[in-house]
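First comes the structure, then the notes that go with it.
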Amino acid sequence: MENPFDNRIQTVGELTRSIRGLLETSYSMVTVTGEISNLRRPSSGHLYFTLKDSEAQLRAVLFKGQQRYLACVPADGLEVLCRGRISVYEPRGEYQLIIDFMDGKGTGLLRIAFDRLKAKLEAEGLFDPARKKALPYLPRRIALVTSPQGAAVRDFLVQARRLSPGTAIEIVPVRVQGDGAAEEIAAAIELLNERGRSEVIVLCRGGGSLEDLWAFNEEVVARAIAASAVPVVSAVGHEVDFTIADFVADLRAPTPTAAAGMVLPEQRVLLAQVRELQRQLATAMKRQLAAARRQLEAEQRLLRDPARLLAGHAMRLDYLRAELAHALQGKLGAYRERVNRLNHQLRRLDPRHRLLAHQGELRENRLRLFFLVRQLLAERRNHLNRLLATLDAVSPLAVLRRGYAIARLADGTVVRSAKQAPPDTHLRLTLHDGSLNCRVTGGEQ
């Protein structure tokens, strides 16, 4: 059959494959929000449904392998945020969204913001364990930043009063969710640092959804915790809840009740420890006293006949005295002989004999130096006089004394030629004893 048209004839399959290629290239990754409807779960485990809004609908598929990463449970009527790629199911010629990520619409956007801020702060080192401050062992004053109406504050206070009734707890009331809550929390942390009275700051809030806890995921709160000089404990939500504040804080508590136990040691346990230490101290003192008593009894037995004990020591003392006297006599004789030898050598080396000889040499050298210096000065004086005579002979002043003069123009220029001084030129003549002002009346060349 001949083609009556200008373009190439394609089969349905060829055209569908061409459209599929264009769509998959142009829409390789898209993010779309809509409501789930017509959800089907066949035996294959894949999920097939339609995403729709008031204007259009889009078929979607979520394969079984991707479902383990879901942050929500798909259901009809659920508003979701989906990410995936556009493809075409060729047998029916339908385009569809192949999903690789899905979350509830509100929580999905929050989760993306959470992950971005977490990555940013982690890259800055705000989660580094090395920068986290240690909590004091027995804090005397704790600041509790929380909502005064919540159950979380009651749980913390009940546990804190049971563990350590004497610890002062200051409640700093703030909003813990909703608009402006994050700014109030950050301002409370900054205010407590300015006051400087609290030893520990505890951020306290009960459990809730991601939206409920979002104030503790705001960057302003994270920055305030990181800048705090006072250690900060994050006790937000339940054990499965994690916020940005948990990662930045110096300590994360799974619940407000657990936070009290982590910040305050149990007073009853401390008292038991003190009593145990007292018991150990008393036992050690008894052992020391018993050992000292046994030592004293042994020494008393030795001192029952002190005269006999002293007699042995007296004999030993006499022997040592005699040995010492003999040794001293021998040493003194040796030292006396050595001193005599040294005195004899010293007399032979008496410096006074050498001093007399050197004094004679010094007098002769002084006289010789005097004559040499006087002769040298006379030679230098004669040489200087000769130089002065030569200098005087070539001096311009000597030439002037012989009757010559130096002529200068009014500007000080020396006249070296008659051409420089035509008639009526005023000149200044320098003689050996003064100068003259004159005027040229005529001249010859």
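The sequence shown runs 1 to 445 under full-length UniProt numbering.
C-beta atoms are modelled at their ideal positions from N, C-alpha and C, and glycine is treated no differently.
- Per the coordinates, the alpha-carbon of L15 lies some 33 Å from the alpha-carbon of V80.
- A contact between stretches requires three or more CB pairs, one per stretch, nearer than 8 Å, and the stretch 87 to 106 meets this requirement with the stretch 42 to 59.
- With a threshold of 16 other beta carbon atoms within 10 Å, F216 meets it and is buried.
- Nearest in C-alpha terms to R20, of all of V73, Y69, R85 and A75, is R85.
- In the displayed model, A235 falls within a strand according to three-state DSSP.
- Its chain contains I201, I225, A249 and D250 as the residues whose beta carbon lies nearer than 6 Å to that of V232, once the 5 sequence neighbours on both sides are disregarded; these appear in chain order.
- If you look at A407, you'll find it isn't in any alpha helix (DSSP H); it sits in the beta strand (DSSP E) that goes I406 to R408.
- Out of L264, P165, D76 and H238, the CA that lies nearest to the CA of P139 is found in L264.
- Note: A60 is bridge-paired with F49 and L97 in the DSSP secondary-structure output.
- In this structure, the alpha-carbon of V221 lies about 9 Å from that of A187.
- Each residue's CA atom was taken as its position, placing E299 and Q280 some 29 Å apart.
- Burial is judged here by how many other beta carbons sit within 10 angstroms of a residue's own beta carbon; A182 has at least 16 and is buried.
- Around the beta carbon of I9, a 10 Å sphere encloses fewer than 16 other beta carbons of the protein chains shown; the residue is thus reported as exposed.
- Assignment of G207 by DSSP, reduced to helix, strand and coil, places it in the coil class.
- In the structure shown, I169 falls within a strand segment according to DSSP collapsed to helix, strand and coil.
- Of the residues L391, T243, R381 and K419, the one whose Cα lies closest to the Cα of L117 is T243.
- The C-alpha of D241 is placed about 11 Å away from the C-alpha of R205.
- Using a C-beta cut-off of 8 Å, the stretch 120 to 130 makes no contact with the stretch 158 to 168, since fewer than three inter-stretch Cβ pairs fall below that distance.
- S234 is positioned such that its CB atom lies closer than 7 Å to that of D246.
- One thing to note: L203 has its Cβ no nearer than 7 Å to the Cβ of A143.
- Listed in chain order, the alpha helix (DSSP H) runs fully inside the stretch 99 to 166 are 105 to 123 and 151 to 163, counting runs of at least 4 residues.
- Judged by DSSP secondary structure, L436 falls within the beta strand (DSSP E) whose first and last residues are G434 to R439.
- Pairing L213 with G237 gives a Cβ-Cβ distance under 7 Å.
- Taking C-beta separations shorter than 6 Å and ignoring five residues to either side along the sequence, the partners of M102 in its chain run L70, V80 and C82, following chain order.
- Contact between the stretch 406 to 413 and the stretch 371 to 388 is absent, with fewer than three C-beta pairs closer than 8 Å.
- Per DSSP, S37 is one residue of the beta strand (DSSP E) stretching across V30 to R40.
- By alpha-carbon distance to G434, the top candidate from L397, P256, A325 and L317 is L397.
- Rounded to whole angstroms, the separation of the alpha carbons of F63 and L39 is 13 Å.
- Residue burial annotation: S28 is exposed, with fewer than 16 other C-beta atoms found within 10 angstroms of its C-beta.
- Around the CB of T255, 16 or more other CB atoms lie within 10 Å, so the residue is classed as buried.
- The Cβ atoms of P148 and I171 sit closer than 7 Å to each other.
- Across the set D155, T146 and A151, the C-alpha of T146 shows the shortest separation from the C-alpha of P173.
- For the pair Q67 and A75, the Cα-to-Cα distance works out to about 13 Å.
- Here D411 is exposed: its Cβ has fewer than 16 other Cβ atoms, across all protein chains shown, within 10 Å.
- In this chain, the beta strand (DSSP E) harbouring R428 covers H426 to L431.
- Taken atom to atom, the span from the alpha-carbon of G443 to that of N385 is near 43 Å.
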